[in-house]
Structures are given as C-alpha cells and as structure tokens.
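Engineer: Protein chains in written order, with the numbering used here: chain A, 1 to 245; chain B, 1001 to 1245.
Each residue gets a CB set at the ideal place from its N, CA and C atoms; glycine is no exception.
For clarity, every value in this text was computed on a predicted model and none was experimentally measured.
There are 2 protein chains.
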Amino acid sequence: MHATRQGGWVAPMSAAAAPRRRGPRRALTDGEILDAALDLLDGGGPDAASVRGIAARVGVAPNAVYTYFPDKAAVIRALVERLIGEVDHDVFADRTRPWRERVEALALELRERLSAHPGAVALMIGGPMDGPNARALNERLLHVLTDAGLDGTQAARAAYLLIVYVFGSIALEVADGHRAGSLPPEPDRVARRQAAFAETPADRFPLSAAAATTMAGYVSTEQYLWGLGRVLDGIAAHGETRRST
Amino acid sequence: MHATRQGGWVAPMSAAAAPRRRGPRRALTDGEILDAALDLLDGGGPDAASVRGIAARVGVAPNAVYTYFPDKAAVIRALVERLIGEVDHDVFADRTRPWRERVEALALELRERLSAHPGAVALMIGGPMDGPNARALNERLLHVLTDAGLDGTQAARAAYLLIVYVFGSIALEVADGHRAGSLPPEPDRVARRQAAFAETPADRFPLSAAAATTMAGYVSTEQYLWGLGRVLDGIAAHGETRRST
DNA sequence: ACGCTCCTTGGACGGCGTACAAACTCTGTA
DNA sequence: TACAGAGTTTGTACGCCGTCCAAGGAGCGT
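#1: Got a sec: is the Cβ-Cβ distance from A/I125 to anything in chain B below 8 Å?
#2: What is the rounded straight-line gap between the Cα of B/T1029 and the Cα of B/P1118?
#3: How big is the Cα-Cα spacing for A/A236 and B/L1161?
#4: Would you decide whether A/G177 is buried or exposed? Buried here means 16 or more other CB atoms lie within 10 Å of its CB.
#5: For B/G1227, count neighbouring C-beta atoms within 10 Å of its own C-beta (all shown protein chains included) and say buried if the count is 16 or more, exposed if not.
#6: I want to verify the contact list: residues of chain A whose CB lies under 8 Å from the CB of B/S1169, in sequence order.
#7: Between A/V51 and B/A1048, what straight-line distance do the alpha-carbon atoms span, to the nearest angstrom?
#8: Under 8 Å by Cβ, that's how I've got B/A1136 and A/F205 pegged, so tell me the actual separation to the nearest angstrom.
#9: On the premise that A/I170 lies in contact with A/L114, defined as a C-beta separation below 8 Å, what is that separation, rounded to the nearest angstrom?
#10: Does any residue of chain B have a CB that is nearer than 8 Å to the CB of A/T221?
#11: Considering Cα atoms alone, identify which of B/A1027, B/L1083 and B/A1155 is closest to A/A209.
#12: Locate the alpha helix (DSSP H) running through A/G59, then write down its first and last residues.
#13: Just the Cα atoms here: how many angstroms apart are B/A1105 and B/H1089?
#14: Taking A/V174 as the reference, which of A/P46, A/R22 and A/G127 has the closest Cα?
#15: Output, in sequence order along the chain, the residues in the segment 60-85 of chain A whose CB is closer than 8 Å to any CB in chain B.
#16: Under 8 Å, CB to CB, which of the residues in the segment 132-155 of chain A have a partner in chain B?
#17: By DSSP, does B/Y1066 sit in helix, in strand, or in coil?
#18: Measure the beta-carbon distance from A/V80 to A/A120 and round it to whole angstroms, keeping in mind my assumption that it falls under 8 Å.
#19: Residues of chain B with a CB under 8 Å from the CB of A/V87: which are they?
#20: Could you tell me whether the Cβ of B/A1202 comes closer than 8 Å to any Cβ of chain A?
#21: Any C-beta of chain A sitting closer than 8 Å to the C-beta of B/S1050?
#22: Should A/N63 go down as buried or exposed, given a rule of 16 or more other Cβ atoms within 10 Å for buried?
#23: CA-CA distance, A/V231 and B/R1230?
#24: If we cut at 8 Å on Cβ distances, does A/D176 have a partner in chain B?
#25: So that I know if they touch, is there some Cβ in chain A lying closer than 8 Å to that of B/A1210?
#26: In chain order, what residues of the same chain have a beta carbon less than 6 Å from the beta carbon of B/A1202, not counting five sequence neighbours either side?
#27: Compute the distance between the beta-carbons of A/R111 and A/V166, then report whether it is under 8 Å.
#28: In whole angstroms, what is the alpha-carbon distance linking B/P1070 and B/I1163?
#29: Considering only the beta carbon of each residue, do B/R1095 and B/D1147 sit closer than 8 Å?
#30: Determine the chain A residues that contact B/G1044 at a beta-carbon separation under 9 Å, and present them in chain order.
#31: Determine the DSSP secondary structure at B/R1113, reduced to helix, strand or coil.
#32: How would you call B/D1151, buried or exposed, if buried means at least 16 neighbouring beta carbons within 10 angstroms?
#33: Using the three-state DSSP reduction, which class does B/M1013 fall into: helix, strand or coil?
#34: Among B/M1129, B/A1134, B/P1098 and B/G1126, which residue has its Cα nearest to the Cα of B/L1145?
#35: Judging by CA-CA distance, which residue of A/Y224, A/A212, A/V60 and A/G239 is the nearest neighbour of A/T153?
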C-alpha cells in the first residue's frame, strides 16, 4: 500500500482529496516536508537534505516521513517536480512573439529557477525527470518548436537538444563552483577556483590558460546565452536546409 | 602531510618516483585502488564505490586507503582523471582533416569512453574536472577550434559549449536510463521506462507522446550526432557571420 | 643492533536510510 | 455508546557509510 503509480511516475502517498482518513490526524503535509527538504538543500547542499534532517526540522521522528513518501528517492522526485512546476509558462506561451525569443525566455526562466536552488541540479540529473510538471514543460517546448515550423520529428530532436543544453550548462556551472552555494560551506572554494585558473601552467597548456582568463571574465549568463544562440542557429539553419532541398 | 597541490589540483599522495621509503613496503599502488573503485563502480553504480568496498576488494583494512588518498573525494577525482586520460588523442590530432570531423571524432571517442563506465558520469559532473588530463583534453579541443579559424575568445566559448553538450548528453542519457548499468541491478528499469513512454497521457500531452515514441525509436547515437551537428552548424555559422561583417 | 619512520590494523564515533513492533488516535459500525 | 480496526507516530535496531585514533608491526638509516 505504498504510493500510487500513473505512467511510470510515482506520486506521493497522500490520498488525493481525502474524504477524511481513518487513523489519527496527520501532523504534517507533503508540502511541509518538501519545504524542509528544500531549506536543508539550500543551506547545506544535497548531503544535508537527509531524511533525518528533514524530520528533525519539522519536529517529528525520522520514520514519520515514510508515511508521506515511500522512500527518500520519492521525496527527491517530488521536490524536483515542485521546482519544475514553479517555472512560469506565461513568458513563452505567447505565440505572437518570435520563436527564438520564446525559447530564450524559457531557457532563462528555467535557469533562474534552478539557480535559486543549486543543490537541486544534482538531484535532477540523478534520475529521470518524468513527473507531470516536467512533462508539461516538455510539451510547452515542443509547442514552441512546432510553432516555429518544425515537424514532429525535428521538434522532438531539437527539444531534446535544448534540454541537454540547458541542464548541461547549469549542471556544469554548479559542478565548477561558478555558482555559490552548490556545496556546503567550504569557504575557500572560490579561492581554490581562482588558484586553479591562475596556476594553469601556461607553458604546457597555452590555449587553456588564455581561455581560462577569457572565461573567468565572462558573466556566466553571457556565455549561457551565447551557447544557446549557437544551438538555436543550428536548429534554424537545419530547418532552412531541409526546407530548401 | 597530506597530498601535494599543484594548481588547484590535488594529486594522490604517492611520492613521485620515490627513492625508497622508510617504513614497511606498501601493499598496494594507487592504480590498484583505482582499479577496484572502477570495478565496483561498473558493477554496482556510484553507491557501490565505497571506501570500505574498495578496501575489501583489494584485501586490506578500510583505513589503509587513507594512506594512498587523503579522502574519498580524492579517489573519485583520480578515477575521473584516469578515465579522461584514456581518451585517444590521435584520432582528432590530425590537422589535415576537416575540423568538424575532428570535433565529431572527439565527441564520439569521449562518449565511447564514458559509456563504458556509466556510473562515472555522475562522479564527473559532481565536481570540477580540473586535473592534468582534463586540461590536456581541453587544450586539444581548443587547438582544433583555432585550427578551424576561430580566435581565442570564440574558441573558448565554443569549447565550453561543446563540453556542455557532450557531458550534458551523456549525463541525461544515464539519468534517463537509456544506458544500461547506470544504476545497480534494478532489473525492471527498462520496463519502467517503456511503461513511462507507453503511458504518456496522449490526451493531455499530445506532442510529448508523439515525441516519446519518436525518441524511443532512435538509436541514441543518432540523436547524439544530430545534436552535435546542430551545435557545430551554429558555431560555423557564427564564424561566417563575423567574418562577413 | 637500534631507533625512527611509515604502513597497517582494530576499534570506535557519528551519521545515514529504513525495517519492525508497540503505543496511540481517531472513524465507522454494531 | 462501545468497540474494532485502520492509520499515524515513535523507540529501537540493523547494516551501511566516511573517517579518526591509538596501537602494533615492518623495514631503512645509522
């Protein structure tokens, strides 16, 4: 009697619109648990978001959590789902705007949402994102691309490419520590990165050294948009090619 | 007395070309520890690559590992470095071949190496890849791009974009379970994925449903090369644009 | 032959995810 | 109104994990 399945997606266990359950009143809600998990995630990185930590934060025995979610993985999935659900669809739903603007808006919105919770990025790429909100977002992206004139196959491929780019970018940023808060305190993290940049052996890796100083000067959003621009160029060019042949 | 640093990169602790140490002979080498770690990683996913597991596999007490590496993170870093070091540079070092072919060769080679050890992908994006081998690989990529006529700034940006694409693709493939062995046994993983595809609610997400069936039919290498092609198109087009203006 | 250095080990600490059984609280029914 | 049973919460426990400490043993330099 653990969790109901629908389409491969394992939902939390709260009876949907419960008519009133049998036993004693539940002390918590799924949302409160996710709130606690997110707080811990933001405060101390993925490792801090432990079942015991969550339980302690909401003032409950560790095992009580397992009444709300079948296991820790389900908590993580639900949390990821919630974060994806916070993406504002209105920004890129407007079909009168150029499709590139719409995709850029989507990419920026997604990045902004995820950047608020860097620890969550590791959780997202730790498993498939196949919850309802993730599906809805994918659907929106496909809509934009078909609006741009791509057929079903091309839209599918382009959507996957864009997803790879967006999540890959953010994941690498977090991994490289460009984005603060990706890991627990570790106060000298920035210093270590700068040292790594500075001490790149310029004699052995001259191009890397030059590139490092170049990249270090970028506002990372700038590089993000540049890469996105190239990806969109490639998608657009491919459409033109196919149309002209 | 733990580990020597050089340029932000924390190397293993074995004295480089030791003239013969004082105490008793070391029972192991760094390499043997990494071998064991890799075996466990391949066999049981990232969780199986534990310090205790490694120690048991090489027939030694868990603590003995800490004589070779300062902590588990260092073992992981060294392992990632080794895997990156296995990439064959000769394939794309040939300056007579077109630059697109060379980048494609690099991308395919890297993917092949990482696909042999799916569990390692999560480890790579879990921290910065700033070891010597990673730097050398980056240097090679920059060479190819400058050979293609890009200036330093553009080469740096394009290289970062390509790195994002390659690692993002592989990471998402592993996360989605398209690549077997990414996690422990979990025997019905493939079945779950197929179920997720099949049970995509076609009424609520029609485009996603169509895309899912489309993507499911792809050999993933095909999609990988398609996306890479678009990225390269975008990079090439950008160069043309700048050159013509 | 001795002393010192270094490796290795047993044991322990605190933390993790989670299974089990008991205590308790409430609802539906008799 | 009383009771049965469903459902929540908790204490306890198991087997993992990464890592520290103190003790023991092995080998080189003197």
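Structural biologist: Judging by the given coordinates:
#1: yes
#2: 25 Å
#3: 17 Å
#4: buried
#5: buried
#6: V164 and G168
#7: 20 Å
#8: 7 Å
#9: 5 Å
#10: no
#11: B/A1155
#12: No alpha helix (DSSP H) holds A/G59; DSSP gives it neither H nor E.
#13: 10 Å
#14: A/P46
#15: none
#16: R135, A136, N138, E139, L142, H143, T146, G152, T153 and A155
#17: helix
#18: 7 Å
#19: Going along chain B, no residue has its Cβ under 8 Å from A/V87, so there is no contact; the nearest lies around 15 Å.
#20: no
#21: no
#22: exposed
#23: 6 Å
#24: yes
#25: yes
#26: A1209
#27: yes
#28: 29 Å
#29: yes
#30: Within chain A, no residue comes near B/G1044; the closest Cβ sits about 16 Å away, beyond 9 Å.
#31: helix
#32: exposed
#33: coil
#34: B/P1098
#35: A/G239
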